Amino acid sequence: MVKVALKGIRLSREGFTLSIPELEVGDGELLTLLGPSGCGKTTTLRIIAGLEKAKGRVFFGDEDVTEKEPYERNIGIVFQDYALFPHMTVFDNVAFGLKLRKLPRAEIERRVREVLELVGLEGMEKRYPEQLSGGQQQRVALARALVIEPSVLLLDEPLSNLDAKIRERLRGEVKRIQRETGTTTIYVTHDQEEAMAISDRIAVMKDGRILQVGKPLELYYNPGNEFVARFLGTANIFELNAKDGRACLGSLCFEVPQGGRVKVFFRPESVVVENGDDAEVLGWELLPGRMRLFLGIEGIKITAERPLPELPFDPGSVPKKVGVRVVKYSTISL
Ligand SMILES: Nc1ncnc2c1ncn2[C@@H]1O[C@H](COP(=O)(O)OP(=O)(O)O)[C@@H](O)[C@H]1O
Ligand SMILES: [Mg+2]
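Numbered according to the working numbering, the sequence shown spans residues 880 to 1213.
The following block contains the structure:
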């Protein structure tokens, strides 16, 4: 296992520039590159794998691997499309990399059996890819990447082609397997929920740049800018005038670090709804186990979300006005 470091990475294509001055992924860490389509996630992964040439250096541990070929880097890769060999059994698909390395037959059999157990596919050795579901095929792809005991595991939207239910189950499995093996992993996705669920840290990307790196909840509750705030979930963001360390919207006041114009930010679940008349109820949605309320205060719209047992009224008779308190908020740069 190794840590991975990128230094001064720069790559230009027509209409697109990737620029990553510095990024470190800790030994045994799972770091996710999260961002919209076209922001440069796959390109970054390909640079780490050695499949794409760029300016700058790539380090695995203390070793500079920039000039090394992909096959010399000891990486495991899983792509969105399973890319299994269709004419080979599960066993042969997984054993492929070990045969290339000319390991003894008994050793290959032992390692393939172990890794198939790890990904929950014991007993499936003799099947062909077409005899497996999408989720099972992706487990084979994961097994094939892990069986070589890679220094670094690279996963590029590995769950994107699967149904929602299977995607949720498999992301938990990916996390478990990553923890069990302790493999340094770089995971790519455009799905913020998936990123939150599995990552030790997330790097949010936009237009070829990393905007912010942090633990999931750090990014979620203390985003550095509006893009990160909105990409990670529903965000209440509005500007206020601050005086003496306070900025108020009607009866709702926030303590802020500076005077003048400030941008206040909070999540829907940070809004506590009470009996009262701070806000007008503009609309609401009933969701499984919770209610989303669209509130208005002095022309500003706020989204609140409460678990049903925490509402001060019956979900069947929503009042015209409610009291509100915001229990967790931060300011973001203008
Ligand atoms: N082989 C390629 N040739 C030219 N442009 C490419 C190639 N692959 C990707 N791009 C472009 O580079 C940018 C980044 O792409 P990519 O890294 O695939 O983004 P992501 O994985 O975040 O969706 C996009 O503008 C994309 O259109
Ligand atoms: Mg991509």
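Where a beta carbon is used, it is the ideal one built from N, C-alpha and C, also for glycine.
These numbers come from a predicted model, not from an experiment.
| query | result |
| --- | --- |
| Beta carbon of I1116 nearer than 8 Å to that of F1144 | yes |
| Proximity test, E1036 beta-carbon vs ligand 2 heavy atom, cut-off 7 Å | yes |
| DSSP beta-bridge partners of S898 | R889, R1088 |
| Cβ-Cβ distance between L1033 and I927 below 8 Å | yes |
| Neighbour-count burial assignment, T1064, 16 or more Cβ in a 10 Å radius | buried |
| Beta-carbon separation (whole angstroms), K1094 vs R1080, contact threshold 8 Å | 6 Å |
| K932, buried or exposed, once every other Cβ within 10 Å from all chains shown has been counted against 16 | exposed |
| Nearest candidate by alpha-carbon position, reference R992, set Q1015, V1026, Q959, G1138 | V1026 |
| Closer than 7 Å: R1140 CB and nearest ligand 1 heavy atom | no |
| For M1170, three-class secondary structure by DSSP | strand |
| Residue list, Cβ distance to ligand 1 heavy atoms smaller than 5 Å | R892, F895, S916, G917, C918, G919, K920, T921, T922 |
| Terminal residues of the alpha helix (DSSP H) in which F1265 lies | Residue 1265 is absent from the model: the chain starts at 880 and stops at 1213. |
| Same chain only: Cβ atoms within 8 Å of L1187, ignoring 5 sequence neighbours per side | G1168, R1169, M1170, P1194 |
| Where L1172 falls, given that 16 or more other Cβ within 10 Å makes a residue buried | buried |
| Neighbourhood of V1206 by C-beta, 7 Å cutoff - its chain only, sequence neighbours within 5 removed | S1149, V1151 |
| Alpha-carbon spacing of N1120 relative to Y1100, whole angstroms | 22 Å |
| Run of the beta strand (DSSP E) containing L913, from where it starts to where it stops | 909 to 913 |
| Straight-line gap, R984 to L1041 (C-alpha atoms, nearest Å) | 34 Å |
| DSSP state of T853 mapped onto helix, strand, coil | No information on residue 853 is available, as it lies outside the stretch 880 to 1213 that the chain covers here. |
| Local conformation of E1001 per DSSP, three classes | coil |
| Which listed residue (V998, E1028, Q1015, G917) has its alpha carbon closest to that of V881 | E1028 |
| Residue burial classification, L924 (beta-carbon count within 10 angstroms, cutoff 16) | buried |
| Where C918 falls, given that 16 or more other Cβ within 10 Å makes a residue buried | buried |
| Terminal residues of the beta strand (DSSP E) in which N1115 lies | 1115 to 1122 |
| Cα-Cα separation, R1058 to G907 | 8 Å |
| Check whether Q1071 and L1111 have beta carbons under 8 Å apart | yes |
| Status (buried if at least 16 other CB within 10 Å, exposed otherwise) for T896 | exposed |
| Cut-off 6 Å between Cβ atoms - residues of its own chain near V957, not counting five sequence neighbours on either side | A1020, L1021, A1024, L1034, P1037 |
| Any non-hydrogen atom of ligand 2 within 7 Å of V1067 CB | yes |
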